[in-house]
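Numbering (the numbering used here), first residue to last: 261 to 692. Every residue gets a Cβ at the ideal spot worked out from N, C-alpha and C, and that includes glycine.
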Amino acid sequence: MENKKQNPETICVQAGWTPKKGEPRVLPIYQSTTFKYETSEQMADLFDLKASGYFYTRLQNPTNDAVADKICQLEGGVAAMLTSSGQAATFYAIFNICSAGDHFVSASAIYGGTFNLFAVTLKKLGIEVTFVDQEASEEEIAKAFRPNTKALFAESISNPAMNVLDIEKFARIAHSQGVPLIVDNTFPTPINCHPFDWGADIIIHSTTKYMDGHATSVGGAIVDSGNFDWEAYADKYPGLTEPDDSYHGLTYTKAFGKQAFITKAVVQLMRDLGSIQSPQNAFLLNLGLETLHLRMPRHCENAQKVAEYLQSRPEIAWVNYPRLEGNKYYDRAKKYMPDGTCGVMTFGLKGGRDVSVRFMDSLKLVAIVTHVADARSCVLHPASHTHRQLSDEQLVAAGVAPDLIRLSVGIENVDDIIADIEQALVQLTVNS
Ligand SMILES: *Cc1c(COP(=O)(O)O)cnc(C)c1O
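1) Mapping DSSP to helix, strand and coil, what is Y316?
2) Quick one: Cα of D614 to Cα of D663, how far?
3) Which class does E561 belong to by DSSP, given the choice of helix, strand or coil?
4) Are the Cβ atoms of G670 and G612 separated by less than 8 Å?
5) Check each candidate in S292, F543, S359 and name the one with the smallest Cα separation from L529.
6) Give the list of continuous alpha helix (DSSP H) stretches no shorter than 4 residues that lie fully inside the region 430 to 518.
7) Could you have a look at G276 and say whether DSSP puts it in helix, strand or coil?
8) Please indicate yes or no: does the CB of D617 lie closer than 7 Å to some heavy atom of ligand 1?
9) Is I677 helix, strand or coil by DSSP?
10) Just to confirm, is the Cβ distance from I665 to H641 under 8 Å?
11) For F619, which of helix, strand or coil comes out of DSSP?
12) Does the region 305 to 318 come close enough to the region 505 to 516 that 3 or more CB-CB pairs lie under 8 Å?
13) Tell me which residue opens and which closes the beta strand (DSSP E) that S366 is part of.
14) Quick check: the Cα distance between R432 and K280, rounded to an integer number of angstroms?
15) Which same chain residues end up closer than 7 Å to Q537 when comparing Cβ atoms and leaving out the 5 residues on each side of it in sequence?
16) Does the beta-carbon distance from V639 to N562 come in below 8 Å?
17) Report back the beta-carbon spacing between L609 and A577 to the nearest angstrom; my notes put them in contact at under 8 Å.
18) Let me check you understand the geometry: is the CB of E335 closer than 7 Å to at least one non-hydrogen atom of ligand 1?
19) In terms of residues, what are the limits of the alpha helix (DSSP H) holding N580?
20) Identify every run of the beta strand (DSSP E) within the region 599 to 678, keeping only runs that are complete inside it and at least 3 residues long; order them along the chain.
21) Comparing alpha-carbon positions, which option in V526, D426, P557, A404 lies nearest T317?
22) In the DSSP assignment, what residue or residues form a beta bridge with L334?
23) For the alpha helix (DSSP H) that K595 lies in, which residues bound it at each end?
24) List the endpoints of the continuous beta strand (DSSP E) containing F391.
25) Counting C-beta neighbours from all protein chains within 10 Å, is the total for D457 16 or more, i.e. buried, or is it exposed?
26) Comparing the CB of G534 with every heavy atom of ligand 1, is any distance shorter than 7 Å?
27) Can you tell me whether I417 is helix, strand or coil according to DSSP?
28) Can you grab the Cα-Cα spacing for the pair S397 / Y569, in whole Å?
29) Does V686 pass the burial test, meaning 16 or more other C-beta atoms within 10 Å, or should it be called exposed?
30) Given a cut-off of 8 Å on the beta-carbon distance, is the pair T409 and F351 in contact?
31) Does the distance from the C-beta atom of E269 to that of H553 stay below 8 Å?
32) When you compare only the Cα positions, how much space is there between M261 and W277?
33) How about L529: is its C-beta nearer than 8 Å to some C-beta of chain C?
34) Taking just the CA atoms, how far does T476 sit from S637?
35) Give the straight-line distance between the Cα atoms of Q394 and K403, rounded to the nearest whole angstrom.
36) Three Cβ pairs or more, each shorter than 8 Å: is that satisfied between the region 418 to 425 and the region 587 to 597?
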């Protein structure tokens with residue numbers, strides 16, 4: 261694609277796949293495990309990374325690369341890759357720069373799956389995490405860093421706590437400690453938030469959510485800003501700055517410059533771990549991306565009305581939606597996400613946990629599903645579902661109250677969504 265920067269709407273619709281004469285207008289699904297070459301030497305150069313090209317879909321596939329390129333342009337990065345899931349994206353982003361004996365720091369209010377990955381699975385690999393309260397002072401958070409700390413991680417809007425990250429503060433802390441800031445930008449998407457503009461170095465996504473938007477395909481993405489200077493901390497990041505024996509002593513930062521991080525994640529981690537997104541799923545993700553710029557404003561508009569409605573109801577104990585006036589994150593959300601946050605909010609009903617469960621069971625249009633951030637409105641009770649492995653203490657640290665209902669407002673007619681909520685609220689008093 262040409263280098264001139266286009267507007268997000270145009271990138272959503274057109275970027276990534278640019279057909280030449282006689283080629284399909286729509287991004288084709290390259291449903292092929294492998295790619296043909298004319299000479300043995302051509303293939304050998306690919307394996308040595310002397311030439312770039314496709315040879316096996318576990319490493320790269322043209323459909324996936326076109327979609328990664330679109331996401332890269334939306335985030336304003338220099339390189340990107342797709343993964344089989346958001347979990348794989350998070351794992352690769354950390355594992356690309358951390359190995360046994362290393363440590364990283366993460367905000368504690370994060371997605372439940374990410375919390376488990378960090379606290380349990382990475383620990384088994386010898387990688388340690390320290391969780392911090394993202395609202396603590398810079399001095400306090402800096403205390404969590406050690407000589408072997410390799411990254412700082414947080415979510416731009418945390419799922420499900422709905423905390424809005426002070427991205428500039430986190431970038432300052434990361435950079436004063438000589439590590440990159442990795443931001444999970446799943447909830448606001450690049451339509452509503454640009455973490456690179458505020459100092460983030462690497463962005464990851466669960467594309468399963470708004471990017472796909474239709475709940476068809478699990479997927480993930482990693483985007484690199486190209487801004488973190490690995491060479492300046494060469495002894496900390498030997499995987500990037502020292503020769504890789506599995507490629508005849510090639511050094512990623514020397515051979516690939518600003519593309520080093522993503523290139524290593526593709527040719528080393530994807531080669532060895534194989535969490536590739538299927539080209540079929542990448543195709544569906546691309547269709548979703550084509551309307552992301554239309555859907556996000558509608559999600560926000562609907563959610564705003566639903567949040568205001570909930571707040572007006574006597575049955576509701578509290579509502580947490582960053583763009584609701586009086587919300588703790590209102591001003592920060594306006595700064596980092598001036599056009600809106602996303603369609604997700606949380607709230608609690610008076611009477612606590614049991615009432616919350618009864619309310620959810622009475623909903624008809626709004627479905628109970630283990631999903632969030634797609635076109636159809638849905639609800640989840642994290643304490644009973646996604647976060648049920650967490651102790652009460654961990655629940656509090658993750659910002660999940662026992663009565664918390666996560667509501668993901670879709671793009672249906674908002675009056676119908678509110679009517680469904682209303683009938684479920686009315687049933688609570690009828691049946692109590
Ligand atoms: C869902 C989610 C993930 C995990 O993504 P999967 O695609 O389900 O693996 C990571 N981060 C956030 C913020 C999420 O909402």
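So, to answer that:
1) strand
2) 8 Å
3) helix
4) no
5) S359
6) 449 to 452, 498 to 501, 512 to 516
7) coil
8) Here residue 617 turns out to be Val, not Asp, going by the sequence shown. Not so, every heavy atom of ligand 1 lies at least 7 Å from the Cβ.
9) helix
10) yes
11) helix
12) yes
13) 363 to 367
14) 44 Å
15) N324, L342, T343, S344, G479
16) no
17) 6 Å
18) no
19) N580 -> not in any alpha helix (DSSP H); beta strand (DSSP E) instead, spanning 576 to 580.
20) 604 to 609, 638 to 640, 665 to 668
21) V526
22) L334 is not bridged to any residue.
23) 590 to 596
24) 388 to 392
25) exposed
26) no
27) strand
28) 35 Å
29) exposed
30) no
31) yes
32) Any reading at M261 must be qualified, since the residue scores a pLDDT of 45, below 50, and its modelled position is unreliable; the value itself is stated next. Approximately 8 Å, taken between the alpha carbons.
33) In summary, chain C is missing from the structure at hand, where a single protein chain is found.
34) 15 Å
35) 13 Å
36) yes
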